[in-house]
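Protein chains: 2
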Amino acid sequence: MNTKEKIISEALKIYNRDGIRTVTTRQIAQEMGISAGNLHYHFKHTEDIIFHIFQLLEAGYEKMILLPEKRGVSFQQLLDGFIQGSYVLIDKYRFIFENFVEICNWIPRIAESYRRLVEQREGQLVSLFMYYADGGMFRSEIPLLNLKRFVRQLFIVSDFWSSSYAVLGRQQGIDPFEDYRQTIHTAFYPYLL
Amino acid sequence: MNTKEKIISEALKIYNRDGIRTVTTRQIAQEMGISAGNLHYHFKHTEDIIFHIFQLLEAGYEKMILLPEKRGVSFQQLLDGFIQGSYVLIDKYRFIFENFVEICNWIPRIAESYRRLVEQREGQLVSLFMYYADGGMFRSEIPLLNLKRFVRQLFIVSDFWSSSYAVLGRQQGIDPFEDYRQTIHTAFYPYLL
DNA sequence: ACAAATTTAGAACAATTGTTCTAAATTTGT
DNA sequence: ACAAATTTAGAACAATTGTTCTAAATTTGT
Chain A
826 MNTKEKIISE
836 ALKIYNRDGI
846 RTVTTRQIAQ
856 EMGISAGNLH
866 YHFKHTEDII
876 FHIFQLLEAG
886 YEKMILLPEK
896 RGVSFQQLLD
906 GFIQGSYVLI
916 DKYRFIFENF
926 VEICNWIPRI
936 AESYRRLVEQ
946 REGQLVSLFM
956 YYADGGMFRS
966 EIPLLNLKRF
976 VRQLFIVSDF
986 WSSSYAVLGR
996 QQGIDPFEDY
1006 RQTIHTAFYP
1016 YLL
Chain B
826 MNTKEKIISE
836 ALKIYNRDGI
846 RTVTTRQIAQ
856 EMGISAGNLH
866 YHFKHTEDII
876 FHIFQLLEAG
886 YEKMILLPEK
896 RGVSFQQLLD
906 GFIQGSYVLI
916 DKYRFIFENF
926 VEICNWIPRI
936 AESYRRLVEQ
946 REGQLVSLFM
956 YYADGGMFRS
966 EIPLLNLKRF
976 VRQLFIVSDF
986 WSSSYAVLGR
996 QQGIDPFEDY
1006 RQTIHTAFYP
1016 YLL
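Protein chains in written order, with the numbering used here: chain A, 826 to 1018; chain B, 826 to 1018.
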């Protein structure tokens, strides 16, 4: 692992632990035992560090979405796979989810990338639901518009569960994965057959 | 309106416009034409300004929840009233919703207040749903646990719709209230009779 | 009307921040 | 082995920040 990768890995760790408000590049450099000058030799601006981390998250999503190419699995199995895969990313890149609006305002490239990602995922999910509706595993009488709105709602729940959990759940010691799984299941419940 | 109220009103305006990352107390003072020293005479710490604004939001919720004491209205009417009332607050105190995790980590008093508020709203909503289930306007075969999970899901959608809209909707010129209304309706849809 | 309390502006402070610059140390390619 | 390229540490810079201090201005109560 070279210095650049070490910076990313340490920054991710510290941002997840402390949030982005109070963390400085100097602190990141100090905690990993290099000079601030050296850190800024590898990443000229703080934004570059965060953007780099965001790209890792995006790559993670890309990889996860490609996984279930093997059709034929039951909808339940597919859903559980998505839930598991999403959770791993939400947990790993927690600070991005928890500070998403601020990060998007601060680094517009990230907002643009996210919009593209959502549009892409939206299409994939809608066509997937329609496929499983034909197979009798998903309610089929739902108009396309309603299906799209359901997907939008799903994104809100999935992308901001982490924010809600940070404020409500973490202190109460609720198991995060189990809480996420149930939250997503609750959203799907009325649509499954 | 005395200086203290002017500071609150100006701070709210500026935070909603620019977010909390880049806004300074000096900027707030300058934009409203008073000295930074004067601002800090009224609010010793920046946190005090934000906490004060949060308390206004809380008071707004309190007021909204008390409104529909007149039972007997149809569930649809009640729901529309809640949607309207919630939206006004979400819009007015936008920056709090959009930076909620960060604000809660920064000012723990706010997190604690929010947790109490959620618990209170949770109980009220569950008993309300059960009341309307008896009246035949809400699905009645749902176990209590599932009802509670549905309410949790509802809070995520309602409290973080604003964050999602900030990143996805605002640029596309979608009407915010209409978008919020449909999002909440989509969540309720499968539970209505 | 006038003493006391409150409010205000502006200077000052102390700490911090992201980033750049420079020179030394280290690594790489041949 | 040695020149060139890369990496590193640490000083330095310039700007900013929240907050405090002081003295003047204004308001309030009697």
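Just so you know, even glycine gets a beta-carbon here, dropped at the ideal spot from N, CA and C.
For residue 866 (chain A), the enclosing alpha helix (DSSP H) has its first and last residue at 861-867. Residue pairing of residue 1017 (chain B) in beta bridges, as defined by DSSP: B:963. Interface with chain A (7 Å Cβ-Cβ cutoff): residue 1008 (chain B) is included.
Inclusion of residue 974 (chain B) and residue 1011 (chain A) in the CB contact set at 7 Å is warranted, their separation being smaller than that value.
In this structure, the CA atom of residue 1016 (chain A) is about 14 Å from the CA atom of residue 1017 (chain B). Not flagged as an interface residue toward chain A: residue 832 (chain B), since no C-beta distance is shorter than 7 Å. Among the residues of the segment 962-990 of chain A, those with a Cβ less than 8 Å away from any Cβ of chain B are 971, 974, 975, 977, 978, 980, 981, 982, 984, 985, 986, 988 and 989, in the order of the chain.
In this structure, the CA atom of residue 861 (chain A) is about 28 Å from the CA atom of residue 936 (chain A). For the segment 873-895 of chain B, no residue has a beta-carbon sitting nearer than 7 Å to a beta-carbon of chain A.
When secondary structure is reduced to three states using DSSP, residue 848 (chain B) falls in the coil class, being assigned neither helix nor strand. Between residue 920 (chain A) and residue 987 (chain A), the C-beta gap is not smaller than 7 Å, which leaves the two residues out of contact. Shown here, residue 924 (chain B) sits in coil according to DSSP, grouped into three states, outside any helix or strand. The residues 833 and 868, in chain order, have a CB closer than 8 Å to that of residue 877 (chain A) in the same chain once the five nearest residues on each side in sequence are set aside. Between residue 941 (chain A) and residue 925 (chain A), the alpha-carbon positions lie close to 15 Å from each other. Scanning the segment 873-955 of chain B from its first residue to its last, the whole alpha helix (DSSP H) runs of 4-plus residues come out as 900-917, 919-923 and 925-931.
Of the residues A:863, A:957 and A:915, the one whose Cα lies closest to the Cα of residue 882 (chain A) is A:915.
Scanning its chain for C-beta atoms nearer than 6 Å, with the 5 sequence neighbours on each side dropped, one finds around residue 918 (chain B) the residues 882, in chain order.
The alpha-carbon separation between residue 886 (chain B) and residue 907 (chain B) amounts to approximately 10 Å. Taking all protein chains in view, the Cβ of residue 840 (chain A) is crowded by 16 or more other Cβ atoms within 10 Å, so the residue is classified as buried.
Secondary structure at residue 853 (chain A): helix, using DSSP grouped into helix, strand and coil. Taking the Cβ atoms as the reference, residue 836 (chain A) lies roughly 12 Å from residue 859 (chain A), outside the contact range of under 8 Å. Residue environment analysis places residue 978 (chain A) among the buried positions, since at least 16 neighbouring C-beta atoms fall within 10 angstroms of its C-beta. Here residue 904 (chain B) is buried: its Cβ has 16 or more other Cβ atoms, across all protein chains shown, within 10 Å. At a Cβ-Cβ threshold of 7 Å, residue 972 (chain B) and residue 943 (chain B) do not count as neighbours. Annotation: the continuous alpha helix (DSSP H) that includes residue 974 (chain B) extends over 969-989.
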